[in-house]
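Novice:
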Amino acid sequence: MYQYTAAELSSMLKKKECSAVEVTESVLGRIHAVDDKVGAFITVTEELALQKAKQVDEKRVAGEALHDLAGIPIAVKDNICTKGVGTTCASKMLENFVPPYSATVIEKLERCDYVPVGKVNMDEFAMGSSTETSYFKKTRNPNDLDRVPGGSSGGSAACVSAGEVPLSLGSDTGGSIRLPASYCGVVGLKPTYSSVSRYGLVAFASSLDQIGPLGRSVADVAMLYSAICGRDNHDATSAVREYPDFAASLQADLKGKVIGLPKEYFGHGVSDKVKDAIMKMAHDLEQQGAVLKEVTLPSTDYALNAYYIISSAEASSNLARFDGVKYGFRAKDYNGLVDLYEKTRSEGFGDEVKRRIMLGTFVLSSGYYDAYYKRAKLLQQKITAEFHNAFEACDVLLTPTAPDTAFKIGENIGDPLKMYATDICTVTVNIAGLPALSVPCGYDGALPIGCQLIGAKFSEQNLLNTAFAYEQSVGGFNRIPQIR
Amino acid sequence: MEYEIVVGLEVHAELNTKSKIYCECHNAFGLEVNTQCCPICMGMPGTLPTLNEQVVEKAIKMGHALHCDINRICKQDRKNYFYPDLPKAYQISQFDVPLCEHGYVEVMVEGKVKKFGVTRIHIEEDAGKLLHGGESFEGSLVDFNRCGVPLIEIVSEPDFRSSADAKAYLEALRSILLYLDISDGKMQEGSIRCDVNVSVRPKGSDTFGTRVEMKNVNTFSGAVRAIDYEAARQIEVLENGGTIEQETRRWDDAKGVNILLRSKEDAHDYRYFPEPDLPTIVVPQEKVDELKASITELPNLKVIRYVKEWGISQTDAETIIDNMEKSEWLEAMMKTGNCTAKAAANWILGDISKYMNETGKSLVETKLTPEKMAELISYIEKGKISNAAAKQVFEILLTEDRNPMDVVKEKGLIQISDEGALEKVVADVLANNEKSVADYKNGKTNALGYLTGQCMKATKGQGNPQKLKELLLAALEA
Chain A
517 MYQYTAAELS SMLKKKECSA VEVTESVLGR IHAVDDKVGA FITVTEELAL
567 QKAKQVDEKR VAGEALHDLA GIPIAVKDNI CTKGVGTTCA SKMLENFVPP
617 YSATVIEKLE RCDYVPVGKV NMDEFAMGSS TETSYFKKTR NPNDLDRVPG
667 GSSGGSAACV SAGEVPLSLG SDTGGSIRLP ASYCGVVGLK PTYSSVSRYG
717 LVAFASSLDQ IGPLGRSVAD VAMLYSAICG RDNHDATSAV REYPDFAASL
767 QADLKGKVIG LPKEYFGHGV SDKVKDAIMK MAHDLEQQGA VLKEVTLPST
817 DYALNAYYII SSAEASSNLA RFDGVKYGFR AKDYNGLVDL YEKTRSEGFG
867 DEVKRRIMLG TFVLSSGYYD AYYKRAKLLQ QKITAEFHNA FEACDVLLTP
917 TAPDTAFKIG ENIGDPLKMY ATDICTVTVN IAGLPALSVP CGYDGALPIG
967 CQLIGAKFSE QNLLNTAFAY EQSVGGFNRI PQIR
Chain B
8 MEYEIVVGLE VHAELNTKSK IYCECHNAFG LEVNTQCCPI CMGMPGTLPT
58 LNEQVVEKAI KMGHALHCDI NRICKQDRKN YFYPDLPKAY QISQFDVPLC
108 EHGYVEVMVE GKVKKFGVTR IHIEEDAGKL LHGGESFEGS LVDFNRCGVP
158 LIEIVSEPDF RSSADAKAYL EALRSILLYL DISDGKMQEG SIRCDVNVSV
208 RPKGSDTFGT RVEMKNVNTF SGAVRAIDYE AARQIEVLEN GGTIEQETRR
258 WDDAKGVNIL LRSKEDAHDY RYFPEPDLPT IVVPQEKVDE LKASITELPN
308 LKVIRYVKEW GISQTDAETI IDNMEKSEWL EAMMKTGNCT AKAAANWILG
358 DISKYMNETG KSLVETKLTP EKMAELISYI EKGKISNAAA KQVFEILLTE
408 DRNPMDVVKE KGLIQISDEG ALEKVVADVL ANNEKSVADY KNGKTNALGY
458 LTGQCMKATK GQGNPQKLKE LLLAALEA
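First to last, the sequence lines map onto chains A and B.
Using my numbering, read the first sequence as starting at 517 and increasing by one per residue.
Using my numbering, read the second sequence as starting at 8 and increasing by one per residue.
1) Just to confirm, are Asp235 of chain B and Ser170 of chain B a CB contact at a threshold of 8 Å?
2) At which residue ranges does the segment 562–606 of chain A contain complete alpha helix (DSSP H) runs of 4 or more residues, listed in the order of the chain?
3) Leaving aside the five residues before and after Pro634 of chain A along the sequence, list all residues of the same chain whose C-beta is less than 7 Å from its C-beta, in chain order.
4) Could you tell me how far apart the beta carbons of Glu220 of chain B and Thr255 of chain B are, in whole angstroms, since I believe they sit closer than 8 Å?
5) What does a CB cutoff of less than 6 Å around Glu780 of chain A pick up in its chain, not counting 5 residues either side in sequence?
6) Which residues in chain B sit within 7 Å of Leu880 of chain A, going by Cβ to Cβ distance?
7) Taking a contact to mean a Cβ-Cβ separation below 8 Å, would you say Ser881 of chain A touches Asp276 of chain B in this structure?
8) Would you say Pro616 of chain A lies against chain B (beta-carbon separation less than 8 Å)?
9) Across the segment 616–629 of chain A and the segment 651–667 of chain A, are there enough close Cβ pairs to call them in contact, namely three or more that are closer than 8 Å?
10) Output the boundary residues of the beta strand (DSSP E) element that contains Asn265 of chain B.
11) Can you pull the DSSP bridge partners for Met115 of chain B?
12) Mind checking the segment 715–732 of chain A against chain B and listing, in chain order, the residues whose C-beta falls within less than 8 Å of any C-beta there?
13) So with CB distances below 9 Å, who are the chain B contacts of Cys675 of chain A?
14) State buried or exposed for Asp413 of chain B, treating a residue as buried only when at least 16 other CB atoms are found within 10 Å of its CB.
15) Does chain A have any CB closer than 8 Å to the CB of Pro291 of chain B?
16) To the nearest angstrom, how far is the alpha carbon of Met363 of chain B from that of Cys346 of chain B?
17) Could you spell out the range, first to last residue, of the beta strand (DSSP E) harbouring Asp259 of chain B?
18) Identify the residues that DSSP records as bridge partners of Phe280 of chain B: which are they?
19) Is any beta-carbon of chain A found at less than 8 Å from that of Met49 of chain B?
20) Please compile the residues from chain A whose C-beta is within a distance smaller than 8 Å of the C-beta of Phe1 of chain B.
21) Three-state secondary structure (DSSP) at His904 of chain A?
22) Which two residues bound the contiguous alpha helix (DSSP H) that contains Lys299 of chain B?
23) Please state whether DSSP places Ser206 of chain B in a helix, a strand or coil.
24) Here's the rule I'm using: 16 or more other beta-carbon atoms within 10 Å means buried, otherwise exposed. How should Glu680 of chain A be labelled?
25) Would the segment 739–758 of chain A count as touching the segment 952–970 of chain A if we require 3 or more Cβ pairs under 8 Å?
26) Between the Cα of Lys890 of chain A and those of B:Leu437, B:Tyr279 and B:Asn87, spot the shortest distance and give me the residue it belongs to.
27) Secondary structure at Glu17 of chain B, three-state DSSP: helix, strand or coil?
28) Chain B partners of Asp688 of chain A, CB-CB under 9 Å?
29) Below 8 Å between beta carbons is the criterion; list the residues of the segment 739–759 of chain A that meet it against any residue of chain B, in chain order.
30) Can you list the residues of chain A that Ala96 of chain B reaches, using a CB-CB cut of under 8 Å?
31) Anything in the segment 139–153 of chain B with a Cβ closer than 8 Å to a Cβ of chain A? List those residues in chain order, please.
32) Between the C-alpha atoms of Ser692 of chain A and Ala952 of chain A, what's the straight-line distance to the nearest angstrom?
33) Could you check if Lys442 of chain B is buried or exposed, using at least 16 other CB atoms within 10 Å of its CB as the buried criterion?
34) Give the residues of chain A in contact with Gly53 of chain B, contact being defined as C-beta atoms less than 9 Å apart.
35) Taking the C-alpha atoms as reference points, what is the distance between Ile775 of chain A and Asn821 of chain A?
36) With a cut-off of 8 Å, does the C-beta of Arg269 of chain B fall near any C-beta of chain A?
Set out below in structure tokens:
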């Protein structure tokens, strides 16, 4: 049963063709069967999942009106706080941290009666593009176990790809949902900044972070996005607005839709196979009535610099609270307060996190602020304005999600700059606060290629519709690889 | 060489809002440790701040009171530093765009009106409190109850030239905070705290000396001691050919000395940057105007008016104004035009204050009104009743809602001032006390007291004692 999409399971549950307990047992069985190879989960909440599933079944028997997600197993990235269930951020620093509260998105899903199956692996504090910086384990790409699943939401993408769950939540600061979705061959949505509450998401870069859904179909992603978006009084940056039912509003009509191809995203560094796959998809959309248009976003080349300055600056401040005083890891032997701080943070954080904290601390330092942080913020305005111009002429922009397919485990870990370059197609979207969707658009052998659809703020429906039209024409994205 | 002291003050005032600045926790002092806190004010991972609008309103009110420009569009910033009482390891504050700036305040100092510049007022959150172990426990513990209590920081220009200037300014700020219901102003609970910047320069110089910042000044009298000590220290250093280093020192009020906390090289780099978790503050112009209109005459300006227009001493004016009800009574009594300010002030500082202190009651809880009080005072001033009689009537009016004159009449307290009637009494007394008259004429002047007493007795205490004495003297000297 694990191989069905969430929408299919939801329909079966409604028709009482199966029970939530059966679905949950099937999913847990799959986790038991493949996760020691895939390594997606940090925590599997088996008992909790079965207990919730049982409750859903009871509610259904009692004739209660239930949400479409009722009884659907969903995995959650381990930087989203879950009351009573460990939330580690894949860091030694929070190895034993059990939050006394749940993130707003979790509370929303609880009201939908979702089945919480567990917490999934990620790069430590969401810093990375391969999930290799996790303190706990490596997660492997289900399509090729020698390769990375992408990151930082590598666990969220791998567990969906491997059929361990139909849906998961990830977070995306510079591509952390889209890159692993692309590498693992699933659908991943990075929503418009401010549309999903960040309350309870352990912050990496507050002005860029967004929680978003991953699934094996556009409809599933639309359904989960509908369940988590909306104004939250606990997040002052969340937008005050109404949202449609994205899944119910899906339409495969592309007639007259203008699809922009920004030339900077097809430049050097992007592999030919990726370019070919994207163009093939573009022509498919054209055949369905869309109009292709080449556009230019000239500041794209500087985006990566701006991104690493802004995100590291915010991270250096956001991660300062992990000081060994209140919660999480505390170094054993220390002599006085400063030593406590130094030892705790030296031992508790991994190399990549420390690298970003140092970078962020540097760019905010007196005398350097104007040269780095301030200029990066100006560049942010420029990039945002260029996107704004592009959306005057286009409905959607089509780009590769990543310059290439998944790389081998260990291949880039010693070369941070090479690792950072994998985010080159995705960071601009976070910098401009836009929504973007990654969908599978072909394979290079066993390795999936992802296409990124970028839209204007709050144009998620339009992105989902475009992807839905493509999904229909290629006969669906739901393809669980054999794990070997 | 003669030196001039230059002082600037940074005052932190805790606001008396119901809840904290960024969460819904109760803003209260003195409760059991770590009972007034939540994941947000404890800075737990994933939590986010949301701004309490009351904080902005109270800060704007203070801005208006200090004649500031209000930046109705402004932002909040993070001030990053590590300390165990700061759970997020940054304080949310305001850096380059404070809510209020470019203001001033007029204060009476030793009878003279002085104007002191206010650089800025910004909003920020308070930190927690460290409890250092001793006999009861090892190490140090943190109490997060105070974490996230809203503060305004009021930064002055370096406009004070003496510790007396600084003290007068601090007292004026405190009375304004209380008047506008912005802070409870309780010094002993740390509701108002200040950092003091001191420098000295040769008298007549127009450039500033190097300033030294002093922390841990917790009382206004402590501020005076700290300023005088630091100025003397700097002058001594200069007189001995030394130079002043820019540094931060810690004031120890018990020992009356300060000690070096950190030198310029060790100064923190706070790495301020805009708080990404909070949107820009935008206060509608109408709200700014509405808050301005809500401000009535402030205590510092009242002092000036009482002294200048009514001739009350500065000390008396400050004492009355310190209590809003007393000040309201004085204003209401003066409005009747029935009494002089001096008499009204004396009654307020005398019998009225005595009553309030002894009973702990406010005047609203009595039957007395300022109008009746003014009328009663007018009887004394017109010689209708004696001061002693007025005190009797005052006691009755506190508990009974009656016309003062009715009480005076009922108690038979009208003073006899009619000269004809009194002359007759004097004549009778002199006639009946020949021995005393003889004594007086023989130089025993204390016989006059006895005779006055006899006159009072004859009028059943209602004779005007002053008049009777005058008439007796006239008769005896004739």
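We put the beta carbon where it would ideally sit given N, CA and C, even for glycine.
Specialist: According to the structure shown:
1) Cβ atoms of Asp235 of chain B and Ser170 of chain B: closer than 8 Å.
2) Segments of the alpha helix (DSSP H) lying fully in the segment 562–606 of chain A: 562–577.
3) It should be pointed out that residue 634 of chain A corresponds to Gly in this sequence rather than to Pro. These residues qualify, in order along the chain: Phe557, Thr559, Val560, Thr561 and Ala591.
4) Distance from Glu220 of chain B to Thr255 of chain B at the Cβ level is roughly 5 Å; contact confirmed, criterion being Cβ atoms closer than 8 Å.
5) Leu813 and Thr816
6) Against chain B, the beta carbon of Leu880 of chain A has neighbours under 7 Å at Arg278 and Phe280, listed in chain order.
7) In contact: Ser881 of chain A and Asp276 of chain B (Cβ atoms closer than 8 Å).
8) yes
9) no
10) Val264 to Ser270
11) As DSSP reads the structure, Met115 of chain B sits in a beta bridge with B:Val120.
12) So the list reads Tyr715, Gly716, Leu717, Val718, Ala719, Ala721, Ser722 and Ser723, given in the order they occur along the chain.
13) Those within 9 Å of Cys675 of chain A in chain B number zero; the least Cβ separation is about 21 Å.
14) exposed
15) no
16) 22 Å
17) Glu254 to Asp259
18) B:Arg85
19) yes
20) The question about residue 1 of chain B has no answer, for chain B in this structure spans 8 to 485.
21) helix
22) Gln292 to Ala300
23) strand
24) buried
25) no
26) B:Tyr279
27) In the structure shown, Glu17 of chain B falls within a strand segment according to DSSP collapsed to helix, strand and coil.
28) The premise fails here: Asp688 of chain A is roughly 16 Å from chain B at the closest Cβ pair, so nothing lies under 9 Å.
29) Asn749, His750, Asp751, Ala752 and Thr753
30) In chain order: Ser833, Ala836, Arg837 and Asp839.
31) Result list: Val149.
32) 12 Å
33) exposed
34) Residues of chain A with a Cβ closer than 9 Å to the Cβ of Gly53 of chain B are, in chain order, Asn595, Ile596, Cys597, Thr603, Pro615, Tyr617, Ala619, Arg714, Tyr715, Gly716, Leu717, Val718 and Ala719.
35) 27 Å
36) no
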